[in-house]
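Before any comments, here is the structure.
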Amino acid sequence: MGTGQILFNAFALLTVVSAAGVVLNRNAVNAALCLLLSLVGVSGLFVALDAYLLAFLLLLVYAGAVVALFLFIIMLLDARGDSRPVLHRLPLAARVIATGLVLGGVASFLVRGRLPEGRAATTAVGAALKPYAHQLFTTYLLPVQVLGFLLLIAMIGVIVLSRRPDGPEDAA
Amino acid sequence: MTLEALRLAAADNLWGAIMPELMLGCIALLLLGLEIVLPRRLHGVIPDVAAAGLLGTLLGLALNWSSVAVGRETFNGLLFHGTSGQLMRVFFVLSALFVCLLARVTLPRHTAPRVEFHHILLVVTAAMMLLAQSNHFVMLFVALEAATIGLYLLVGYFRGSTASLEAGLKFVVMGALSSGLLLFGIVLLYGVAGNPALPGHTTQALHFAELSRFLAANPDNFVASLGVVLVLAGVAFKIGAFPFQIWVPDVYQGAPTPVTAFLAVASKGAGFAVLMALCGQGGAFAAYGWLTTPVLTAIAAATLLFGNIAALTQHNVKRLIGLSGVSHAGFLLLGVIASAQTPMAAGAVYFYLFAYLAASFAVFGVMAHVAGQDDSEQELDHYHGLAKENPLLGAVLAIGLGSLAGIPPLAGFMGKLFILVSAFQAGARALLAVAALGVVISIYYYFGWIKAAFFETWTPPSGEGAGPARPERSPVTPVAAFVLGALALASIAIGFYPGPLGELLTLR
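One line per chain: the protein sequences are P and Y, in this order. Heads up, the working numbering is the position in the first sequence plus 12, with the first residue counted as 1. Heads up, the working numbering is the position in the second sequence plus 76, with the first residue counted as 1.
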């Protein structure tokens, strides 16, 4: 087992275990911190794939900005870990079927999803900053513009929805 | 990167080809500008500007029907402009126009801001138009998200209403799940098609034609088939097909009536445009017909049965129309399945969509007028005596519901007939029987609604606490009367004389 394999296993384990922590943790702050760890694991996997730009962006944008925002909101709402209601217990049959489906899916993927041995995968075009930026301004110019509109309506929607319901009526 | 290389790459960005979408985007920005510039008392004209802009776009589309871009790829393969894309553009602009009309009836009863509503509506319409013409998974996903995020906002738009907020939250959660499934499927397809160890691998795996070539070279790849199934599941969420229909009744009931209409017609049309691009003849997944046909067949049969049987017991008309919309999605799926083998089926699907548009907006127009202050509580009882008190609304409702039920000679009947004939040609006999059964069941609940409007008389509840009174109906303005009458006439006229729409059936 080479160094790359050991690193891959370590980061994969970190990602999966902390992702489970996000779901299982009853305290919202701890769940958000688990999400942070999971994102660090994923960015480690990207580094192993030579996709340094993606790894960097993931740390910078998601771990740095988005999770920090989550934490702010959790603190703002002052949600306590014990305030979440206990989920209803599922019937035994549903649990057995769900577990069977998940295990069957994973098993079939392990058995049949093997990729053929051979040359190592090539690095994607957008893995480095310069070609990535170049593509954004040429090939993918239209989706970038559409995303601009997406962000605009998201912003307007948040303003509309967060305005006081009994606030001043729009001119009717 | 030299300047020359950049120029070459930008040469394919043919902005003229997406003029209608650009127009809608500019008008959407104009609305926001007008809200700042105009004095408050003139703000009432801004929704009219939106409607006028949509009309202008429709006119522009009609005048430039066979523009230079039709039949070619633009934006480096991100978009493909075909006849079906042109049709879906008209479909979405028409839907948005009717939603504007419904909003004139519904929104003044609430304190929700109106300018932003129309702004979001126009942006969502433009995104759907791009979605229907996308030829690349990046474009598809970005346009789909732009449309879906706009719809999240519109569904929860009546902030004062608990039902609307609940619907918005449920729609966000289910929409995020479906986007996740779709994205996971796309990533699997991209990964496996870019694997250098496989025959026919490509670096442009997200382009539909390239992907189709790769899938044809690897007709039995497990990871690719998993990706195909996940993409189909993500799209099935958007069209509300079984087993991904659980969000439909609550979201349709809670959303403001114009938004329910937009969800029922335009959003479903967008989902089917994507399905036709993926699973239709020459679509991206054409080589995986051995997988998509059985999966879609099972989904279609379950959708037809579930939608119709669940709609039987509904008393809330918004839930009823939502669940009946599920069964219409099943019917359209039948057309998609047939379109892999019969060229006529693609035309039948588009014909059905237009017939569904005319009939649905006729019914939603009546619903918007009958609904009271509480937009989510629209019961069948509120329709008692409608035909006697307002014959126009009664007649429009009867024609719209009759067309949805598929009563000859209305447009809905012709749509169902074309789909059934093409399914027969494609040899989907078992599914044909299920569809016929679904039609029979659907007649029961559609006629229950007509019966409530025509044969029951309204008796006000007597005594203390005898239940809420019937909500006040909105007066029908001349414009609304004209449009509703035109929709009803269109349902009749398309049924008798399919005309140019009928020519779709001979299209490839």
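Ideal Cβ placement from N, Cα and C applies to all residues, glycine included.
Please state if the CB of P:Cys46 and the CB of P:Gly33 are separated by a distance shorter than 8 Å. Translated into the one-based positions of the first sequence, residue 33 of chain P becomes position 21. Translated into the one-based positions of the first sequence, residue 46 of chain P becomes position 34. Their beta carbons are under 8 Å apart, which means P:Gly33 touches P:Cys46 by this criterion.
Going by the beta-carbon positions, is the gap between Y:Gly571 and Y:Ala487 smaller than 8 Å? Numbered from 1 along the second sequence, position 495 holds the residue referred to as residue 571 of chain Y. Numbered from 1 along the second sequence, position 411 holds the residue referred to as residue 487 of chain Y. At the C-beta level, Y:Gly571 and Y:Ala487 come within 8 Å of one another.
I'd like the list of long-range same chain contacts for Y:Gly161, defined as Cβ closer than 6 Å, with 5 residues on each side in sequence excluded. One-based indexing of the second sequence puts residue 161 of chain Y at position 85. Closer than 6 Å at Cβ, skipping near neighbours: Ala208 and Gln209.
Find the nearest neighbour of Y:Val510 within the set Y:Leu480, Y:Leu381, Y:Val497 and Y:Val169, judged by alpha-carbon distance. Residue numbering aside, residue 510 of chain Y sits at position 434 when the second sequence is read from its first letter. The shortest C-alpha to C-alpha distance from Y:Val510 to any of Y:Leu480, Y:Leu381, Y:Val497 and Y:Val169 is the one to Y:Leu381.
Distance, Y:Glu455 Cα to Y:Trp534 Cα: Locating residue 534 of chain Y in the second sequence gives position 458, counting from the first residue. Locating residue 455 of chain Y in the second sequence gives position 379, counting from the first residue. Each residue's alpha carbon lies about 13 Å from the other.
When you compare each of Y:Ala222, Y:Leu265 and Y:Pro189 to P:Gly125 by their alpha carbons, which one comes out closest? Taking the first residue of the first sequence as 1, we reach residue 125 of chain P at position 113. Among Y:Ala222, Y:Leu265 and Y:Pro189, the Cα nearest to that of P:Gly125 is on Y:Leu265.
What is the rounded straight-line gap between the Cα of P:Ala166 and the Cα of Y:Leu565? Translated into the one-based positions of the first sequence, residue 166 of chain P becomes position 154. Translated into the one-based positions of the second sequence, residue 565 of chain Y becomes position 489. Computed Cα separation, rounded: 38 Å.
Quick one: is Y:Met352 near chain P, going by C-beta distance under 8 Å? Taking the second sequence and counting its residues from 1, one reaches residue 352 of chain Y at position 276. For Y:Met352, the answer is no, since every Cβ of chain P falls outside 8 Å of its Cβ.
If you draw a straight line from the C-alpha of P:Val170 to the C-alpha of P:Tyr152, how long is it? As a first step, residue 170 of chain P must be located in the first sequence, where it is residue number 158. As a first step, residue 152 of chain P must be located in the first sequence, where it is residue number 140. So the alpha carbons of these two residues sit roughly 27 Å apart.
Contact residues within the region 192-218 of chain Y, judged by C-beta distance below 7 Å to chain P: Glu192, His195, Ile196, Val199, Ala203, Leu206, Val214, Met215 and Val218
Quick one: measure Cβ to Cβ for Y:Met99 and Y:Gly136, integer angstroms, because I've assumed they're closer than 8 Å. On the second sequence, residue 99 of chain Y is found 23 positions in, with the first residue counted as 1. On the second sequence, residue 136 of chain Y is found 60 positions in, with the first residue counted as 1. Y:Met99 to Y:Gly136, Cβ: 7 Å. Contact.
Does Y:Phe298 have its Cβ less than 8 Å from a Cβ in chain P? Here residue 298 of chain Y refers to the residue found at position 222 of the second sequence. Yes, its Cβ sits closer than 8 Å to a Cβ of chain P.
Do you know whose CA, among Y:Lys394, Y:Gln357 and Y:Leu409, lies nearest Y:Thr373's CA? The residue given as residue 373 of chain Y occupies position 297 in the second sequence. Of the listed residues, the one whose Cα sits closest to Y:Thr373 is Y:Leu409.
Separation of P:Gly116 from P:Leu122, as counted between CA atoms: As a position in the first sequence, residue 122 of chain P is number 110, starting the count at 1. As a position in the first sequence, residue 116 of chain P is number 104, starting the count at 1. Rounded to whole angstroms, the separation of the alpha carbons of P:Gly116 and P:Leu122 is 10 Å.
Can you tell me whether P:Gly169 is helix, strand or coil according to DSSP? The sequence position of residue 169 of chain P within the first sequence is 157, counting from 1. Residue state, collapsed to three classes: helix.
Y:Thr150 - DSSP class collapsed to helix/strand/coil: Taking the second sequence and counting its residues from 1, the one referred to as residue 150 of chain Y is at position 74. When DSSP states are grouped into helix, strand and coil, Y:Thr150 belongs to the strand group.
Beta carbon of Y:Arg235, beta carbon of Y:Leu241: below 8 Å? As a position in the second sequence, residue 235 of chain Y is number 159, starting the count at 1. As a position in the second sequence, residue 241 of chain Y is number 165, starting the count at 1. Yes, Cβ-Cβ distance for Y:Arg235 and Y:Leu241 is below 8 Å.
When you compare only the Cα positions, how much space is there between Y:Val307 and Y:Thr553? The sequence position of residue 307 of chain Y within the second sequence is 231, counting from 1. The sequence position of residue 553 of chain Y within the second sequence is 477, counting from 1. Computed Cα separation, rounded: 44 Å.
Where does P:Leu113 fall in DSSP's three states? As a position in the first sequence, residue 113 of chain P is number 101, starting the count at 1. Helix.
Would you list, in chain order, the members of the region 149-176 of chain Y that have their beta-carbon closer than 8 Å to a beta-carbon of chain P? Phe151, Asn152, Leu154 and Leu155
What does Y:Ile225 touch in chain P if you count any residue whose Cβ is under 7 Å from its own? Against the second sequence, residue 225 of chain Y aligns to sequence position 149. The contacting residues are Leu162, Ile165 and Ala166.
Could you tell me the alpha carbon to alpha carbon distance between P:Ser174 and Y:Phe260, rounded to whole angstroms? Within the first sequence, residue 174 of chain P is the residue found at index 162, counting from 1. Within the second sequence, residue 260 of chain Y is the residue found at index 184, counting from 1. Those two C-alpha atoms are separated by around 32 Å.
Consider the C-beta atom of Y:Leu134 and the heavy atoms of the ligand MG; say whether any pair is separated by less than 7 Å. The ligand MG is not part of the structure shown, which contains no ligands of any sort.
What is the DSSP secondary structure of Y:His194, counted as helix, strand or coil? On the second sequence, position 118 is the one that residue 194 of chain Y refers to. Reduced to three states, the DSSP call for Y:His194 is helix.
Note down, one range per segment and in chain order, each alpha helix (DSSP H) of at least 4 residues found wholly within the region 24-102 of chain P. 40-60, 64-69 and 79-89
Please give the ranges of any alpha helix (DSSP H) in the region 412-487 of chain Y, keeping only runs that are unbroken, at least 4 residues long and fully inside the region. 419-446, 462-465 and 467-481
Under three-state DSSP, which class holds Y:Ser210? For the purposes of this step, residue 210 of chain Y is taken as residue 134 along the second sequence, with counting starting at 1. Collapsing the DSSP output to three states places Y:Ser210 in a strand.
P:Tyr74 touches chain Y at which residues, Cβ-Cβ below 8 Å? Along the first sequence, read from residue 1 onward, the residue named residue 74 of chain P stands at position 62. In chain order: nothing, as chain Y lies at least about 15 Å away.
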